[in-house]
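The opening position of the sequence shown corresponds to residue 58 in my numbering, with each subsequent residue numbered one higher. C-beta atoms are modelled at their ideal positions from N, C-alpha and C, and glycine is treated no differently. Note that the structure is a prediction, hence the values are computed from the model and not measured. Following: one structure in structure tokens, then a few remarks.
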Amino acid sequence: MIGPRVAAHARRLPPPALPAYVYDLAALDRHARAVRAELPERAELHYAAKANPAPEILRTLAPHVDGFEVSSGGELAHVRRTVPGAPLAFGGPGKTEAELRLALELGAERLRVESAHEFRLLASLARTPVDVLLRVNLPLPDGHGEHAALAMGGRPAPFGLDPDDAASCLRRPGRHRVRFRGVHAHLAGGLDAVALAAVARHVTGWAAEFAGRHGVGLAEVNAGGGMAVDYARPHARFDWAAYGHGLRRVLSAHRGLTLRVEPGRSLAAYCGWYVTDVLDVKHSRGEAFAVLRGGTHHMRTPAAKGHDHPFAVLPAEGWARPWPRPAAHREPVTLVGQLCTPRDVFARRVPVDALRAGDRVAFALAGAYAWNISHHDFLMHPPPTFHYLS
Ligand SMILES: *Cc1c(COP(=O)(O)O)cnc(C)c1O
58 MIGPRVAAHA
68 RRLPPPALPA
78 YVYDLAALDR
88 HARAVRAELP
98 ERAELHYAAK
108 ANPAPEILRT
118 LAPHVDGFEV
128 SSGGELAHVR
138 RTVPGAPLAF
148 GGPGKTEAEL
158 RLALELGAER
168 LRVESAHEFR
178 LLASLARTPV
188 DVLLRVNLPL
198 PDGHGEHAAL
208 AMGGRPAPFG
218 LDPDDAASCL
228 RRPGRHRVRF
238 RGVHAHLAGG
248 LDAVALAAVA
258 RHVTGWAAEF
268 AGRHGVGLAE
278 VNAGGGMAVD
288 YARPHARFDW
298 AAYGHGLRRV
308 LSAHRGLTLR
318 VEPGRSLAAY
328 CGWYVTDVLD
338 VKHSRGEAFA
348 VLRGGTHHMR
358 TPAAKGHDHP
368 FAVLPAEGWA
378 RPWPRPAAHR
388 EPVTLVGQLC
398 TPRDVFARRV
408 PVDALRAGDR
418 VAFALAGAYA
428 WNISHHDFLM
438 HPPPTFHYLS
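In structure tokens, the structure reads:
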């Protein structure tokens, strides 16, 4: 599963450079181009920067996306600096007054209102009219909630407005300065293409009905991100062709509408690898443990999601010490890091052919929600090094 370029680089890194994050920017470029090609012309593709805001990732994606979705003042300033001129959409709960001022000052092309208070605050700050999307909390279409890894819509949540509160924003005095442009709904994460296209159809149908009922024009619907990345099947990819087909059908039913999607994980996950080496292999009460340099303070993904993270073993020959090389052979191994907590686990009881002290391990799908969601300073181990292969 690991490509030859990344594998060669991972093998060449000297031990002091480990652990390392290795990003294949050429693969990211190809992937983003392929995703874009499957989407209809009237669909806009934004990248959700929170998945991985590294400048190299943003710059590689920039030619393939219509803009970036940012969720804080920090991301707003960072993305503006890194890819000047790219359109920015600013969302997220709990925007501060300073963040809203910054968004107005930097000219974020789209703001997303998440509450009635935020609508009023924005109306009080805007000197000239701003276009907004109202983020609404809608139920998922029937039968889709139970398949989502992360269902947020239709249940009590800090995200977005209940439909009645969205309606009341349209009647507020500030509505001439905070102008309704459309609806945003990011309702679930981890859905497959057919389910997610059904969500886009459902959200668009609701938005058209809502706008019609209140006599306002609907220019744009943002159907969110959440395209599935399957950590149990690292070769599988979200079916962008099927999703694009579904979006085309939605658009043909709503002439003049712009439909925007904003994936994060499904764009960035595949290009990144967390590479390290095995410090020790031991057996504890009959079970094998491989202790790796680094840990979930560098890559929190398996701890956050509670999964076994997929990996490739890069065998390293040669053992210079006068005692036998610690090893596990043809047995299940639990891969852990250096942290003094039982939660520092990358993968549990995964069968391996051989895993020995000194071998290298490359964790796949580490390009999104990996380094940037991790608790780097816990235990004060050295940080990883970063490598961007272009
Ligand atoms: C996190 C987030 C996304 C991206 O989600 P992915 O699962 O990474 O595709 C998109 N939109 C909003 C509003 C988000 O909060």
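Restricting to runs no shorter than 3 residues, where is the beta strand (DSSP E) found entirely within the stretch 283-369?
315-318, 329-341 and 344-349
Proximity below 9 angstroms, CB of His366 to CB of Phe420
Walking along the sequence shown from the start, residue 366 turns up at place 309. Walking along the sequence shown from the start, residue 420 turns up at place 363. Contact flag set, yes.
Measure the C-alpha to C-alpha separation of Leu102 and Leu96 and round it to an integer number of angstroms.
Stepping through the sequence shown from its first residue, residue 102 is reached at position 45. Stepping through the sequence shown from its first residue, residue 96 is reached at position 39. Cα-Cα distance, rounded: 8 angstroms.
Once you ignore the five residues that flank Thr353 on each side, which residues in its own chain have a CB closer than 6 angstroms to its CB?
Here residue 353 refers to the residue found at position 296 when the sequence shown is read from its first residue. Only Ala360, Gly394 and Asp401 meet the Cβ criterion.
Counting only the same chain and skipping the five closest in sequence on each side, list residues whose C-beta sits under 6 angstroms from that of Phe443.
Position 386 of the sequence shown, counted from the first residue, corresponds to residue 443. Hits under 6 angstroms: Tyr78.
If you pair each beta-carbon of the stretch 146-158 with each one of the stretch 166-179, do three or more pairs fall below 8 angstroms?
yes
Can you tell which of Met356, Asp337 and Arg406 has its C-alpha closest to the C-alpha of Trp380?
Here residue 380 corresponds to residue number 323 of the sequence shown, with the count starting at 1. Trp380 has its Cα closest to that of Asp337, out of Met356, Asp337 and Arg406.
Report all residues from its chain with a CB closer than 8 angstroms to the CB of Val307; omit the five preceding and five following residues, and keep chain order.
Within the sequence shown, the letter at position 250 stands for residue 307. Ala254, Ala257, Arg258, Thr261 and Leu316.
Where do the ends of the beta strand (DSSP E) carrying Phe267 lie?
To locate residue 267, count along the sequence shown from 1; it is residue 210. From DSSP, Phe267 is part of no beta strand (DSSP E) but of the alpha helix (DSSP H) over Ala250 to His271.
Apart from the five residues just before and just after His311, which ones in its own chain have a Cβ nearer than 7 angstroms to its Cβ?
Along the sequence shown, one-based indexing puts residue 311 at 254. The answer, listed in chain order, is Thr261 and Ala265.
Can you list, in chain order, the residues of its chain whose CB lies under 7 angstroms from that of Arg93, leaving out five sequence neighbours each side?
Looking up residue 93 in the sequence shown gives position 36. Taken in chain order, the residues that qualify are Leu102 and His121.
Can you tell which of Pro320, Val240 and Ala67 has the C-alpha that lies nearest to the C-alpha of Trp263?
Along the sequence shown, read from residue 1 onward, the residue named residue 263 stands at position 206. Checked all of Pro320, Val240 and Ala67; the closest Cα to Trp263 is Val240.
Report the rounded CA-to-CA distance for Ala373 versus Ala67, giving the unit in angstroms.
Against the sequence shown, residue 373 aligns to sequence position 316. Against the sequence shown, residue 67 aligns to sequence position 10. Distance between the alpha carbons of Ala373 and Ala67: 11 angstroms.
Rounded to whole angstroms, what is the Cα-Cα separation between Arg270 and Asp222?
As a first step, residue 270 must be located in the sequence shown, where it is residue number 213. As a first step, residue 222 must be located in the sequence shown, where it is residue number 165. Rounded to whole angstroms, Arg270 to Asp222 spans 15 angstroms at the Cα level.
Under DSSP, the alpha helix (DSSP H) around His174 begins and ends at which residues?
Residue numbering aside, residue 174 sits at position 117 when the sequence shown is read from its first letter. Ala173 to Leu182 is the extent of the alpha helix (DSSP H) around His174.
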